[in-house]
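If you use this note's numbering, the sequence shown corresponds to residues 11 to 392, in order. Glycine included, C-beta positions come from ideal geometry on N, C-alpha and C.
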Amino acid sequence: MDFTESEEQALFRRQIVEFARARLNSGVKERESSGTFDRAGFLACAEIGLLGLPVPEAYGGLGQGVVSSMIAMEALGYGAEDQGLAFAVNTQLWTCEVPILHFGTEAQKQRYLPKLVTGELIGGHATTEPNSGSDAYAMETKAELKDGVWILNGNKTFITNAPIADVLIIFASTGESKGFGGGITAFLVETDQKGVQIGPPLKKMGLKTSPMAEVHLEDVVVPPEMVLGKKGGGAAIFSSEMEWERSCLFACHLGAMARQLEKCVEYAKERKQFGQAIGKYQAISHRLANMKLRIEMARPMLYKVGWLKDQGQRAVLEAAIAKLYVSEAYVQSSLDAVQIFGGYGYMEEYDVERMLRDAVGSVLYSGTSDIQRNIIARWLGL
Ligand SMILES: Cc1cc2nc3c(=O)[nH]c(=O)nc-3n(C[C@H](O)[C@H](O)[C@H](O)COP(=O)(O)OP(=O)(O)OC[C@H]3O[C@@H](n4cnc5c(N)ncnc54)[C@H](O)[C@@H]3O)c2cc1C
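Here it is, written out as structure tokens:
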């Protein structure tokens with residue numbers, strides 16, 4: 011594996027960092043306290059090409075591979091302090107655009123991809139339900155074929171982008187057998203369709219600028235041409251999008267960890283106690299060394315997933331390993347950051363506590379840490 015960046019990739023990385031600092035960071039504190047999504051920032055991300063990273067030029071995108079997309083996401087995470095906005099961007103890319111790109115019909119691609127790439131449309135995906143989280147394929151939302159159309163009924167929860175979404179990929183049960191047995195199907199549903207009701211924004215611990223809501227479906231009529239992939243192919247779509255999300259979204263978190271480390275090193279050099287900079291105390295410098303170690307461990311794990319996928323190989327195990335490691339490293343480093351900043355780290359003003367609150371979500375979404383360990387154990391034959 012060779013992860014050396016091409017000149018083009020390095021330039022794009024620098025451009026994204028500069029763009030994020032210039033266009034996405036002002037007003038982040040105010041948006042965080044009011045829970046406001048930065049639509050202008052989202053559209054600015056589209057303008058620089060971020061919303062079309064993996065989408066071919068024919069649909070208005072940049073046609074980038076997985077490693078290039080990861081580099082771009084790492085740069086976004088590094089430059090953008092508004093991690094809720096970055097999360098919304100990632101949701102649109104990996105859980106809406108990529109499944110349409112890989113499993114959609116030509117008509118579906120033409121209908122949605124160009125507008126998702128420009129940010130004219132916002133998308134997301136809905137798997138989780140009140141009684142079906144980690145056990146995703148035990149979903150109760152049902153789709154029944156009646157008179158040639160699908161009728162969807164059920165309730166989804168924790169759906170990122172739902173309050174601002176135009177189109178959602180809804181996973182529903184269409185048969186008895188679970189998972190890859192063929193009982194789950196994915197549907198493209200527009201949020202203004204009759205019978206779709208989006209609940210009020212859910213209040214979360216972190217990522218407060220990324221809107222989330224419940225989605226209620228009551229006799230929603232979906233024509234057969236809005237089935238994504240084939241009937242019973244939902245598990246394959248979900249599994250494929252998770253590989254993308256577990257690599258690219260977590261590359262964004264890696265970028266955030268690098269920014270966090272720089273902030274902590276700077277503070278450790280400036281802050282003096284007992285007559286010297288706190289960075290001179292081994293308790294602090296070793297904490298910083300551990301933060302650096304985690305970043306260096308995380309990077310090859312993540313990029314290995316991208317490299318495998320760019321070679322056309324599956325990377326289920328590698329994506330689970332990378333996701334597990336990066337998310338737990340992100341939380342631990344965020345706790346270390348609070349400790350390094352002492353009481354100031356606990357105060358909203360310094361942004362350190364916000365990173366911790368944002369980081370905690372990462373051990374939950376895209377499959378919890380326990381679920382990643384289950385996947386790894388399964389690959390070990392257990
Ligand atoms: C910020 C955020 C954004 C999200 N965005 C979306 C979205 O856009 N779309 C969407 O569909 N969902 C989304 N989710 C939901 C997310 O996918 C679920 O929260 C996650 O899959 C866990 O499900 P749960 O919350 O029901 O927890 P549960 O499945 O009830 O788990 C509770 C606890 O039990 C453990 N557990 C469960 N089963 C096992 C097992 N077999 N072995 C060991 N431990 C187990 C879990 O690890 C966890 O610790 C989001 C969640 C968050 C926090």
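With three or more C-beta pairs closer than 8 angstroms as the rule, is the segment 215-228 touching the segment 279-296? Too few Cβ pairs lie closer than 8 angstroms, so no.
Would you mind giving the Cβ-Cβ distance between T195 and T167, rounded to the nearest angstrom? I have them listed as a contact below 8 angstroms. Between T167 and T195 the Cβ distance is about 20 angstroms, and since that is not below 8 angstroms, they are no contact.
Give the C-beta separation of C262 and G87 to the nearest angstrom, bearing in mind that I take them to be a contact with Cβ-Cβ under 8 angstroms. So it is a contact: roughly 4 angstroms between Cβ atoms.
Contact set for A148: own chain, Cβ-Cβ below 6 angstroms, skip 5 residues either direction: Same-chain partners within the cutoff: S142.
Within the continuous beta strand (DSSP E) that includes F168, where are the two ends? Per DSSP, the unbroken beta strand (DSSP E) holding F168 starts and ends at 159-170.
Tell me, to the nearest whole angstrom, how far the beta carbon of Q19 is from that of S78; I am working on the premise that it is less than 8 angstroms. Sure, about 6 angstroms apart at Cβ, within 8 angstroms.
DSSP three-state assignment for A117, whether helix, strand or coil: Note: A117 maps to helix in three-state DSSP.
May I ask you to list the residues that DSSP assigns as paired with F181? Per DSSP, A196.
For a minimum of 4 consecutive residues, which ranges assigned as the alpha helix (DSSP H) are wholly contained in the segment 235-280? Taken in chain order, the complete alpha helix (DSSP H) segments of 4 residues or longer contained in the segment 235-280 are 244-254, 260-280.
Cβ shell of R31 (< 6 angstroms), same chain only, five flanking positions each side left out: If we look at R31 and ignore the five residues flanking it on each side, its Cβ neighbours are G89.
What are the complete beta strand (DSSP E) segments, minimum 3 residues, inside the segment 355-386? Entirely contained in the segment 355-386, not one beta strand (DSSP E) run reaches 3 residues.
What number of angstroms, rounded off, separates the C-alpha of E357 from the C-alpha of M365? As written in the sequence, residue 357 is Met, which differs from the Glu given in the question. Looking at the two C-alpha atoms, the distance is approximately 12 angstroms.
On the criterion of 16 or more Cβ atoms from any shown chain inside 10 Å, does F92 qualify as buried, or is it exposed? The amino acid at residue 92 is misidentified as Phe; the sequence shows Asp. It counts as buried.
Would you mind sorting M215 into buried or exposed? The rule is 16 or more other CB atoms within 10 Å of its CB. Burial is judged here by how many other beta carbons sit within 10 angstroms of a residue's own beta carbon; M215 has fewer than 16 and is exposed.
Taking just the CA atoms, how far does G164 sit from M11? A direct Cα-to-Cα measurement between M11 and G164 gives close to 45 angstroms.
Between the alpha carbons of F284 and G352, how many angstroms are there, rounded? Cα to Cα, the separation comes out at about 15 angstroms.
E154 - DSSP class collapsed to helix/strand/coil: Looking at E154 - three-state DSSP - the assignment turns out to be strand.
Tell me whether T128 counts as near ligand 1, meaning its Cβ is closer than 6 angstroms to at least one heavy atom of that ligand. Relative to ligand 1, even the nearest heavy atom lies 6 angstroms or more away from the CB of T128.
Helix or strand or just coil, what does DSSP make of V65? In the displayed model, V65 falls within coil according to three-state DSSP, outside both helix and strand.
From the DSSP output, which residues share a beta bridge with G134? In the DSSP output, where bridge partners are listed per residue, G134 has L178.
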